[in-house]
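This note's numbering puts the first residue of the sequence shown at 200, with every later residue one more than the last.
Ideal Cβ placement from N, Cα and C applies to all residues, glycine included.
Remember, it's a predicted structure, so these values are computed and weren't measured experimentally.
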Amino acid sequence: MADKDEEVREMRKVLEGSGERPSGGLGITRRTFLHRSLLGGAGAGAAAFGWFPLINTLDLTLGQGGGGFKFAWISDTHLYPKEVNTRFVDKATRAVKEVIAMKPAADFLMFGGDLAQLGNPTELDLGNQILNESKLKKYYIPGEHDWYLDMGQKWTKLFGEPNWFFDHKGVRFVGLDTVSRGPDYWTAKKMTPQQRMGHMATLDGSVAGAWAGVGRDQLEWLSSKALSGWGKDKPLVVFSHNPLYEYYPPWNFWVRDWREVHEILAPYGNVTNVHGHVHQVLYNEIGKLRSIGMLATSWPWPYAPEGVPALTKCHIRVDPGDHFDGVGWARLAVNASAKLENQYVMWRKDLLAESQVDSSCGDNGNQVLRPRMADQAWPFYGAIK
Ligand SMILES: [Fe+2]
Ligand SMILES: [Fe+2]
Numbered sequence: 200m201a202d203k204d205e206e207v208r209e210m211r212k213v214l215e216g217s218g219e220r221p222s223g224g225l226g227i228t229r230r231t232f233l234h235r236s237l238l239g240g241a242g243a244g245a246a247a248f249g250w251f252p253l254i255n256t257l258d259l260t261l262g263q264g265g266g267g268f269k270f271a272w273i274s275d276t277h278l279y280p281k282e283v284n285t286r287f288v289d290k291a292t293r294a295v296k297e298v299i300a301m302k303p304a305a306d307f308l309m310f311g312g313d314l315a316q317l318g319n320p321t322e323l324d325l326g327n328q329i330l331n332e333s334k335l336k337k338y339y340i341p342g343e344h345d346w347y348l349d350m351g352q353k354w355t356k357l358f359g360e361p362n363w364f365f366d367h368k369g370v371r372f373v374g375l376d377t378v379s380r381g382p383d384y385w386t387a388k389k390m391t392p393q394q395r396m397g398h399m400a401t402l403d404g405s406v407a408g409a410w411a412g413v414g415r416d417q418l419e420w421l422s423s424k425a426l427s428g429w430g431k432d433k434p435l436v437v438f439s440h441n442p443l444y445e446y447y448p449p450w451n452f453w454v455r456d457w458r459e460v461h462e463i464l465a466p467y468g469n470v471t472n473v474h475g476h477v478h479q480v481l482y483n484e485i486g487k488l489r490s491i492g493m494l495a496t497s498w499p500w501p502y503a504p505e506g507v508p509a510l511t512k513c514h515i516r517v518d519p520g521d522h523f524d525g526v527g528w529a530r531l532a533v534n535a536s537a538k539l540e541n542q543y544v545m546w547r548k549d550l551l552a553e554s555q556v557d558s559s560c561g562d563n564g565n566q567v568l569r570p571r572m573a574d575q576a577w578p579f580y581g582a583i584k
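1) I want to check one thing, is the minimum distance from the CB of H514 to the heavy atoms of ligand 2 below 7 Å?
2) Excluding the five sequence neighbours on either side, which residues of its own chain have a C-beta within less than 8 Å of the C-beta of G351, listed in chain order?
3) For H344, is the beta carbon positioned less than 7 Å from some heavy atom of ligand 4?
4) Who's in the neighbourhood of ligand 1, going by beta-carbon under 5 Å from any heavy atom, listed in chain order?
5) Which residues mark the beginning and the end of the alpha helix (DSSP H) in which W546 is found?
6) Please determine whether the Cβ atom of H476 lies at a distance below 7 Å from any heavy atom of ligand 2.
7) For A445, count neighbouring C-beta atoms within 10 Å of its own C-beta (all shown protein chains included) and say buried if the count is 16 or more, exposed if not.
8) Distance check for Q328 and Y279, CA to CA, integer angstroms please.
9) Near K431, what residues of its chain come up, given a Cβ to Cβ distance below 7 Å and the 5 sequence neighbours on each side ignored?
10) Taking 6 Å as the limit between beta carbons, can you name the residues of its chain near A294, skipping five residues before and five after?
11) Tell me which residue opens and which closes the alpha helix (DSSP H) that L278 is part of.
12) For the beta strand (DSSP E) containing N327, list its first residue and its last residue.
13) Among the candidates P303, A304, F364, D456, whose CA atom is the shortest distance from the CA of L418?
14) Just to confirm, is the Cβ distance from Y384 to V413 under 8 Å?
15) With distances taken Cα to Cα, identify the nearest neighbour of L443 among S427, W450, L435, V460.
16) Just how far apart, CA to CA, sit D524 and S423?
17) Have a look at T321, T355, H440 and flag the residue whose alpha-carbon is nearest the alpha-carbon of E282.
18) From which residue to which residue does the alpha helix (DSSP H) around K353 run?
19) Closer than 6 Å by C-beta to T511: which residues in its own chain qualify, once you throw out the five before and the five after it? Chain order, please.
20) Decide if T377 is buried, meaning its Cβ has at least 16 other Cβ atoms within 10 Å, or exposed.
21) Taking only the alpha-carbon atoms, compute the straight-line gap between V288 and T355 and give it to the nearest angstrom.
22) By the 10 Å Cβ neighbour count, where 16 or more other Cβ atoms means buried, how is E540 classified, buried or exposed?
23) Any idea what DSSP makes of P499, helix, strand or coil?
24) Determine the burial state of K389: buried for a count of at least 16 other Cβ atoms within 10 Å of its Cβ, exposed for fewer.
25) Alpha carbon to alpha carbon, how far is L531 from E332?
26) Using CA atoms only, rank isn't needed, just tell me which of H476, G486, G318 is closest to P501.
27) Need the endpoints of the alpha helix (DSSP H) that T292 sits in, please.
28) With distances taken from CA atoms, which of R286, N451, L488 is nearest L464?
29) With hydrogens ignored, establish whether the beta-carbon of H440 is closer than 7 Å to any heavy atom of ligand 2.
30) How far does the alpha helix (DSSP H) with V454 in it reach, from first residue to last?
31) Do the CB positions of P434 and A535 come within less than 8 Å of each other?
32) Whole-angstrom Cβ separation of A291 and T276, contact assumed at under 8 Å?
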């Protein structure tokens with residue numbers, strides 16, 4: 200035991216360097232530099248995911264008259280009514296409190312979907328109430344857990360249209376709805392709304408299938424309205440609940456029409472997709488499109504058995520006995536060079552190491568591209584509006 204303590208002290212010395220270290224209760228901030236050279240090199244990769252001082256380069260960039268701004272992301276709170284479970288309420292509340300405490304303050308708060316667990320109006324009202332503790336300007340996109348009890352009625356009443364765009368300090372932000380266009384399996388199966396919601400709430404749903412999609416009408420809206428008049432070299436950030444590429448379709452870690460999305464976004468030189476749903480540290484680049492997967496406040500999903508992008512530095516497994524471990528929210532900033540930078544605020548126990556083996560996604564087999572379900576099923580999904 201004494202030896203182990205000594206080893207831990209030694210590791211801390213090496214890992215922490217001279218930066219100020221967050222207290223155990225505050226969480227670890229990890230930052231994703233959105234540049235291939237930083238993620239690719241072993242040394243640089245270690246630096247990017249090691250300990251960071253609380254006042255980090257992101258704050259310095261913004262604090263020295265360099266321009267730029269910050270915003271916050273919270274998603275996947277999966278709230279139950281308070282009388283059923285307060286665990287998720289506690290975590291959502293903590294995230295909102297931490298967003299409120301940001302200095303300098305965020306310009307806005309983005310909520311990325313799965314506010315509720317079973318689409319219950321009580322859950323959505325509760326989520327709305329928790330988020331409204333922050334007086335920041337807020338934007339919302341839906342998750343499947345918010346939608347499929349009443350097909351979005353309560354959600355749209357609270358939050359408005361599920362897709363939108365706006366410009367802020369030289370950046371265009373687009374919110375996409377990737378959840379509402381699931382193929383109608385429920386009518387044929389004569390399901391009640393509760394049964395439908397139950398199937399959509401299952402990660403590996405054999406009935407709901409690979410439901411995530413943008414849809415032809417929204418693709419048309421994206422190209423003709425949301426991106427209209429926006430210069431191809433200007434910064435563009437696209438928010439979605441599901442990732443906009445094919446990671447793992449059986450868990451809807453994709454959108455079925457991702458090829459069309461990429462075709463529309465391909466001419467843009469500075470575009471980043473920020474998405475929820477995967478509840479894990481995730482990073483990918485396809486062409487010029489960068490994608491960042493966000494943490495949930497509720498629970499971390501394991502990495503999918505295949506398809507983990509090679510650029511992802513996997514997040515270590517968490518302690519299942521500590522429900523604050525491995526979850527959190529994110530601070531994002533558009534820096535003076537108009538690049539989006541992400542800083543995960545991951546609440547963790549006092550863990551000192553990351554290893555690919557422990558994360559379960561270090562196996563190269565994860566990263567071998569081969570025809571998967573998406574390609575086999577494409578003619579079918581391609582036919583869905
Ligand atoms: Fe979720
Ligand atoms: Fe989701």
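According to the structure data:
1) Because no heavy atom of ligand 2 lies under 7 Å away, the Cβ of H514 does not count as near it: no.
2) P341, D345, P361, S379
3) Ligands present in the displayed structure are limited to ligand 1 and ligand 2, and ligand 4 is not among them.
4) D275, D313
5) In this chain, W546 is not harboured by any alpha helix (DSSP H); it is covered by the beta strand (DSSP E) spanning 539 to 546.
6) yes
7) Here residue 445 turns out to be Glu, not Ala, going by the sequence shown. It is buried - the Cβ of E445 has at least 16 other Cβ atoms within 10 Å.
8) Rounded to the nearest angstrom, the two C-alpha atoms are 13 Å apart.
9) P466, Y467, G468
10) I273, T496, W528
11) It is not in any alpha helix (DSSP H) - L278 carries neither H nor E in the DSSP assignment.
12) From DSSP, N327 is part of no beta strand (DSSP E) but of the alpha helix (DSSP H) over 320 to 330.
13) D456
14) no
15) V460
16) 43 Å
17) T321
18) 352 to 358
19) L481, Y482
20) buried
21) Taking the straight line joining both Cα atoms gives about 22 Å.
22) buried
23) coil
24) exposed
25) Spanning the two alpha carbons is a distance of roughly 20 Å.
26) H476
27) 286 to 299
28) L488
29) yes
30) Note, V454: premise wrong, no alpha helix (DSSP H); not H, not E.
31) no
32) 4 Å
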